[in-house]
Amino acid sequence: MVKTDILIIGAGPTGLFTVFEAGLLKLKCHILDALPQAGGQLSELYPKKPIYDIPGFPEVLAGDLVDNLMEQIKQFEPGFTLGERAETIEKQEDGSFIVTSNKGKKFHAPVVAIAGGLGSFEPRKPLIEDIEFYEDKGIKYFIKNPEKFRDKRVVIAGGGDSALDWSIFLSNVASEVTLIHRRNEFRGALDSVDKVQELKNEGKIKMITPAEVVGLNGAEHLESIDIEEDGAHRNIPTDYFIPLFGLTPKLGPIANWGLEIEKNAIKVNNALDYQTNIPGIFAIGDVNTYPGKLKLILCGFHEATMMCQAAYQIINPGKKYVMKYTTVSGVDGFDGTRKEAPKAVVKAIT
């Protein structure tokens, strides 16, 4: 049985950053994730996708962000169990929990932090005849390696951030990028909408709105698509069709743990510490919901920080923790190493 202070379910960016915040409080963490590698969606779905809203990084690739987080937490020596799904949870008489994976491995901790992102996820597929036949033969729901589309004709369908971001990114990779959306208005970030419009004006992106992909053609590989535009049908030759309509999230076995669920997300008390209706179980990141919730990585980082403060009190009842800025206190790793704050900074603050 694995024993730890905080069992983190989910190795995405929020789960990884939890290790760092817990480490500052001298709390040990173990991470359990159904995916075979750390990083969650960032590693599994779009490791080469640039992210623009991480503080201090004008632009960072999703995979690089994961690498940086892994390097940041290495000093705190977290445990990892990857490729196993959290299956059941049992509350013990002392208030702690035993979580059992689908492979029978048991984890014992006084605090459980669910940071499972969207849970297990499946792409929302458009209702087009024979779409399954063309999967991996020209249809892609995720982009892991943009170089696959180098000098190829690409059609992207969707109106959200992913469709906009990948249209912008692939405009410098593919020989031709066409963005199709069933409405004239996009629901992505305004800056991305403006950038796509700018690239359209420069002739680097073709934009067809309002329109919808209604047919697929090709003998062994996708060769063209049929679209419906203003009631008329036309054919567009292409090498790849990438429908980006979001993901269908599934909580999986966690949905049966007695947690309060709302629209496939776990309700938490955001006024305090992101604790669920079961004391000792927290939900942070995209997996939770509360009034005003924003599904952003940086929000998950904030939630992880607040959760760790509450976890410290559960694990150390009655013991007062005085928060110190890392610029003053430095960072102590579990391996005995210490990163000191620069003396100039200490002098300026003290």
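Position in the sequence shown (from 1) plus 138 gives the number in the working numbering. A virtual CB, placed ideally from N, CA and C, is assigned to each residue, including glycine. Just so it is clear, the structure is predicted and the values come from calculations on it, not from any experiment.
The Cβ atoms of Ile147 and Phe218 do not sit closer than 7 Å to each other. Positions of the alpha helix (DSSP H) runs, each at least 4 residues long and wholly inside the region 252 to 337, are given as 269 to 272, 299 to 308 in order along the chain.
The DSSP-derived three-state label of Gly217 is strand.
The beta-carbon separation of Asp377 and Arg291, rounded to 5 Å, stays under the 8 Å limit for a contact. Distance from the CA of Tyr450 to the CA of Lys401, rounded to the nearest whole angstrom, comes to 30 Å. Taking C-beta atoms as the reference points, Gly150 and Gly178 count as a pair closer than 7 Å. Close CB contacts of Asp268 within its chain, under the 8 Å cut and outside five residues either way in sequence, are with Leu354 (chain order).
Apart from the 5 residues on each side of it in sequence, Val331 sits with its Cβ closer than 6 Å to the Cβ of Phe324 in its chain, given in chain order.
Put simply, the region 408 to 416 does not touch the region 331 to 340. Fewer than three CB pairs are less than 8 Å apart. Taking C-alpha positions only, Glu215 is separated from Leu385 by approximately 33 Å. With contacts defined by Cβ atoms closer than 7 Å, Ala421 and Ile252 form a contacting pair. Taken through DSSP and simplified to helix, strand or coil, Asn426 comes out as strand. The residue from Gly153, Glu366, Ile236, Ser313 with its alpha-carbon nearest to that of Gly341 is Ser313. Residue pairing for His440: DSSP places it in no beta bridge.
Here Met445 is buried: its Cβ has 16 or more other Cβ atoms, across all protein chains shown, within 10 Å.
Distances from the CA of Asn426 to each of Val406, Asp411, Lys187 were compared; the closest alpha carbon is that of Val406.
Taking the C-beta atoms as reference points, Ile318 is found no nearer than 7 Å to Ile343.
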